[in-house]
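Colleague:
Protein chains in written order, with my numbering: chain A, 9 to 128; chain B, 50 to 345.
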């Protein structure tokens, strides 16, 4: 399944679909980092609003994506985790530690703008 | 309902009647003597000092409809309809303070009054009386059972409703500034309430687009390990929605519990009291509070 990745200036926005297989997630991990390299992006927003379930593999993949992107000197923000999904995740101990999160796309972009402002 | 004319049935005395015929016969008798039997029942009710919460007029009105429903249930064996009637009746009388033992009591009294009446009618034909009772007793027992169960079901529904209301009341999620929510928790938290709290808070974060939440537990005396873990999970789940949580008002006992279970305090942002928590939240959100003099 193709995950749409949009470029918004120095930010890449990847919108996860509802049912991503493990293969999809693996592909995405490499694909996103390659895009960051290609466009010299400063940040990636991963929008998981459409995901109504988050298992341990998906959660681990998100953390790995964030780490790999940080090695390229860029930020990652995960946005759009639904309340029910968040509740289920913490009960399973999947806390996405060390990864920035925001309520939605708007908040994610605002948060990045803050970071860029203080960095510049 | 059409009245059955008993006199037109002239069975061969030697033939044993069908149970359904017997039922029709006794139902007809109960209908014919309705006024007198109902009156006898109401007298017995006040003699045994049941339904004290109701006035004589109310008892009479309810007694009439209960009597008619009772006889109808005997006749039609439509026990679902009876249960619906019982729940309906319960909805009316529970707020009046009527208790379960009273409802069961009056139904059993009615059963006795009607049974005595059957004894009196068939006292000269012992064999027939037995057959009549064979028809009457299972139905009457089922009626008593149905009414009691209907009553209890209604009480349980009311209790559940009230519990739900109490839970909702006691965990309000309040917005005090743009992007700032306060969750004041008071009383005892059990795992179920903790779970409900978390769900309400997460929904509130999304609805209000909150960036900071202050959870104040000044009003919570103690917390067991399970609930403490729930609190930690609430903090973590809120972070996944992009909100920072500040916990305020930890009592010494709760502080001890948290340390004992080894909560990673780096993950939990805590401040002494609610005032301090709000002040820190405002700083995080970029608010500055100044008196009017300073502001000039």
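All C-beta atoms, glycine included, are put in the ideal place defined by N, C-alpha and C.
Bear in mind the structure is a predicted one, so any value in this text is a computation, not a measurement.
Assuming contact is defined by CB atoms lying nearer than 7 Å, are residue 313 of chain B and residue 297 of chain B in contact in what I supplied?
Modeller: no
Colleague: Find out if the Cβ-Cβ distance for the pair residue 231 of chain B, residue 274 of chain B is shorter than 7 Å.
Modeller: no
Colleague: So, helix, strand or coil for residue 83 of chain A, using DSSP?
Modeller: In the three-state DSSP reduction, residue 83 of chain A falls in the strand class (E or B).
Colleague: Return the first residue and the last residue of the alpha helix (DSSP H) that residue 118 of chain A is part of.
Modeller: 113-127
Colleague: Could you name each continuous alpha helix (DSSP H) segment of 4 residues or more that falls completely within the stretch 264-294 of chain B, going from the start of the chain to the end?
Modeller: 274-289
Colleague: My understanding is that residue 153 of chain B touches residue 89 of chain B, with C-beta atoms under 8 Å, so please give their C-beta distance in whole angstroms.
Modeller: The C-beta separation of residue 153 of chain B from residue 89 of chain B comes to about 19 Å, leaving the pair out of contact by the 8 Å criterion.
Colleague: Verify whether the separation of the beta carbon atoms of residue 333 of chain B and residue 261 of chain B is less than 7 Å.
Modeller: yes
Colleague: Would you say residue 252 of chain B reaches chain A, if we count a Cβ-Cβ gap shorter than 7 Å as a contact?
Modeller: yes
Colleague: With distances taken from CA atoms, which of A:73, A:29, A:13 is nearest residue 38 of chain A?
Modeller: The shortest C-alpha separation from residue 38 of chain A is found at A:73.
Colleague: On the DSSP bridge list, what partners appear for residue 15 of chain A?
Modeller: A:20
Colleague: Do three or more CB pairs link the stretch 164-178 of chain B to the stretch 92-112 of chain B at distances below 8 Å?
Modeller: no
Colleague: Between residue 170 of chain B and residue 164 of chain B, what straight-line distance do the alpha-carbon atoms span, to the nearest angstrom?
Modeller: 10 Å
Colleague: Alpha helix (DSSP H) containing residue 91 of chain A: first to last residue?
Modeller: 91-99
Colleague: So which residues of chain B does residue 95 of chain A contact, with C-beta pairs closer than 7 Å?
Modeller: Those within 7 Å of residue 95 of chain A in chain B are 247, 248, 251, 286.
Colleague: Chain B beta carbons: is any one of them nearer than 7 Å to that of residue 111 of chain A?
Modeller: yes
Colleague: Which partner residues of residue 247 of chain B appear in the DSSP bridge assignment?
Modeller: Residue 247 of chain B pairs with nothing; no bridge assigned.
Colleague: Span of the alpha helix (DSSP H) holding residue 301 of chain B?
Modeller: 301-309
Colleague: Can you check whether the C-beta of residue 289 of chain B is within less than 7 Å of a C-beta belonging to chain A?
Modeller: yes
Colleague: Between which residues of its own chain and residue 146 of chain B is the CB-CB distance below 8 Å, once the five residues before and five after are set aside?
Modeller: 102
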